[in-house]
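Data block below; observations after.
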Amino acid sequence: MSIKEKILYFITLHHTGLTVSGFSLALVLFPLFEDNPYTLGLTNLIAIYVIIVVGLNLFIGYAGQISLGHAAFFGLGAYGSAIATVTFGLPAWPSMFGVAVLVALVALLVGVPTLRLSGHYLAMATLGCNIVVHTIMLQWDQVTGGPSGFPGIPSLSIGGFVFDDEVRLHYLLWSFALLALLLALNLVRSGVGRGLAALAGDETAAAALGVDTQRAKIKVFVLSAVFASIAGSLFAHCYNFVSPDSFDIFASTDMAIMVVVGGMGSIWGSVIGAGLLTLLPEWIDIFENYKDLIHGLILVLILMFLPQGLMTGLYEKITDKITLRRQKNAAS
Amino acid sequence: MLHLEEVGKRFGGLPALDQVSFSVPRGQVTALIGPNGAGKSTLINCITGVLHPTTGSIRFLDRQLTGQAAYAIARLGIARTFQNLKLFPRLSVLDNVLTGLSCEAGHSLTMAMLRLPYLRHRERQLKLRALEVLDRFDLADKSRLPVGTLAYGDKKRVELARACVAEPELILLDEPVAGLNAEETASVGEQLKQLRSAGQTLLLVEHDMELVMGIADQVVVLDSGCCIARGTPAEVRNNPLVLEAYLGQMEATA
Ligand SMILES: Nc1ncnc2c1ncn2[C@@H]1O[C@H](COP(=O)(O)OP(=O)(O)O)[C@@H](O)[C@H]1O
Ligand SMILES: [Mg+2]
């Protein structure tokens, strides 16, 4: 092998590791070039969404199911951490993980009966679950603070180092986002990930290959709920305040739209999807007022022209073109 | 190794299978033939848990299969192909074959997410096994292509490779050469003969008489859900009932 071939071989063999390292390096350096707190505030919000969307993409894009209620788990994580740390005065880090375990149990309770359903029914059931959780946040005001929200949530800290400004939060939140990305990338490159892809492709075939489809769906649903719950806890400690608005059904549909726009079954697409939908309203003013309308429009356009989503869809279009050209060259 | 006793299946009121009984002995090729709509695919689906028989019992290695879920039956060592290909078009040929090793790849999400060294090691070994099988089926040069881009004949062979890769106790093949040209049929026939000489137990559903007669140790004939004959290829070929119900009809149309 020549040096060039060796390098190329190394790149193809380790492309995931290299991409993750490159992305991490860019994130480490980012605050050195961009120190505007407003911009960092936005990228921090993207990090929180990346955690949720990566988890949701495993459920929607890989396992081929649909959830329109993930803001419920996001909200349970946020309010869980708020109540644990403020009302009960518990330490923040253990609370975050304790809350995630409770949310996993809730997801299990919701998932076991509803994941027997498919398609529209599953969408409806998860949507309904979101409405219930949102209503509780609004109505049970002794505990949640009702519509005016829950203030005074402490910032996270590690041994006296408090994550209370944008730069510090940048490192905290993107560490979590990178961890979520890495775990998801590992999962989809494993036998379990192939089992999920099989399940999304054809349930009968997957079962005939020994994949316990029902159990696999529930596991991924619970996993994605845990990701959303951790994101919720981080959200609460990051803004020191939560209110029910952030966890309504429009938040849920936004998350699903991020998955679809970025690319179903593309873990990196999740970053693009979360980034694009968070930044669009900033770039173009008109988005502010008609946000939900325009999100819906984007969704329809993507589904019409790139049904697999931006990343996956474009990638497939390009590889198809290359294959066609090769076949043509081979023929001539 | 597989025993069917008076297996019946009704769709609504209509019987698709009626009191079907036969055994598939270990290390032999059993062919299941019969005209279209005879209930052959229904029978395969009942054995693999895709459908549940209305009456009767199916035993495999002294275990009752009736009532078990499809994935549990697969984990006992029964692999199958489908009459209308059930591949995963967006996955590569290699990944499709690797899904045939799902039982061995592990089921724990947590372990998979942590990508522990033992899993990476196992993954490499599974990949080697899959590549070996692809090599046997002359598909090695296509291993990285998405299955959706392959020709029909290649897809049929990928599905066969996926069923073989885990070296299951029993493979059920639902019309493995349907829709293939003569050359492709010969090549699949060759593969089946190799499997047979390696001692693989097969239950083969097929229309192609030449293929069946050349490879089967035992032939079971199904007509309108009933088992009308059973025996060696020569016995079945000379059975007047079969000639009337099936072979005659085939020759008349051929
Ligand atoms: N899911 C189903 N629902 C209703 N009827 C079915 C179903 N599957 C098969 N059948 C009927 O059962 C009979 C046997 O079909 P099948 O097993 O596919 O035949 P073969 O594979 O021998 O051609 C046919 O009459 C078919 O219409
Ligand atoms: Mg059939």
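Note that the protein sequences, when read in sequence, are chains A and B. My numbering applies: residue 582 is where the first sequence begins, and numbers increase by one. My numbering applies: residue 2 is where the second sequence begins, and numbers increase by one. A virtual CB, placed ideally from N, CA and C, is assigned to each residue, including glycine. As the structure is a computational prediction, the values presented were derived from the model and not from experiment.
- Remark: the shortest separation between the CB of residue 40 of chain B and any heavy atom of ligand 1 falls under 7 Å.
- The nearest non-hydrogen atom of ligand 2 is less than 7 Å from the C-beta of residue 175 of chain B.
- The DSSP-derived three-state label of residue 11 of chain B is strand.
- Distance from the CA of residue 874 of chain A to the CA of residue 143 of chain B, rounded to the nearest whole angstrom, comes to 45 Å.
- Remark: fewer than three beta-carbon pairs, one from each stretch, lie closer than 8 Å, so the segment 665-682 of chain A and the segment 606-615 of chain A are not flagged as touching.
- Between residue 772 of chain A and residue 226 of chain B, the gap from beta carbon to beta carbon reaches 8 Å or more.
- Using a Cβ-Cβ distance cut-off of 8 Å, the segment 828-837 of chain A and the segment 597-606 of chain A are not in contact, since fewer than three pairs of beta carbons, one from each stretch, lie closer than that value.
- A direct Cα-to-Cα measurement between residue 179 of chain B and residue 695 of chain A gives close to 39 Å.
- Within chain B, the residues whose beta carbon sits less than 8 Å from that of residue 767 of chain A are 113, 114, 115 and 116, listed in sequence order.
- Contact annotation: the segment 201-213 of chain B does not touch the segment 94-112 of chain B, with fewer than three C-beta pairs closer than 8 Å.
- Counting only the Cα atoms, residue 806 of chain A lies some 8 Å from residue 655 of chain A.
- For residue 831 of chain A, the uninterrupted alpha helix (DSSP H) segment begins and ends at 830-843.
- Using a Cβ-Cβ cut-off of 9 Å, residue 238 of chain B is close to nothing in chain A; its nearest Cβ partner there is about 32 Å away.
- The beta carbon of residue 46 of chain B is closer than 8 Å to those of 52 in its chain, skipping five residues each way along the sequence.
- Residue 16 of chain B sits in a strand when the DSSP states are folded into three classes.
- With a cutoff of 7 Å, residue 908 of chain A does not count as near ligand 2, since its C-beta is closer than that to no heavy atom of the ligand.
- The beta carbon of residue 794 of chain A sits closer than 8 Å to some beta carbon of chain B.
- Taking a C-beta distance under 8 Å as the contact criterion, residue 659 of chain A and residue 758 of chain A do not qualify as a contact pair.
- Interface annotation, residue 140 of chain B: not in contact with chain A, CB-CB separation never under 8 Å.
- Exposed is the label assigned to residue 701 of chain A, since fewer than 16 other Cβ atoms lie within 10 Å of its Cβ.
- DSSP places residue 61 of chain B in the uninterrupted beta strand (DSSP E) bounded by 56-61.
- Placement of the Cβ of residue 84 of chain B at a distance of less than 7 Å from at least one heavy atom of ligand 2 is found.
- Taking the Cα of residue 729 of chain A as reference, the smallest distance to any Cα among A/738, A/736 and A/719 is reached at A/719.
- Residue 655 of chain A has its Cβ no nearer than 7 Å to any heavy atom of ligand 1.
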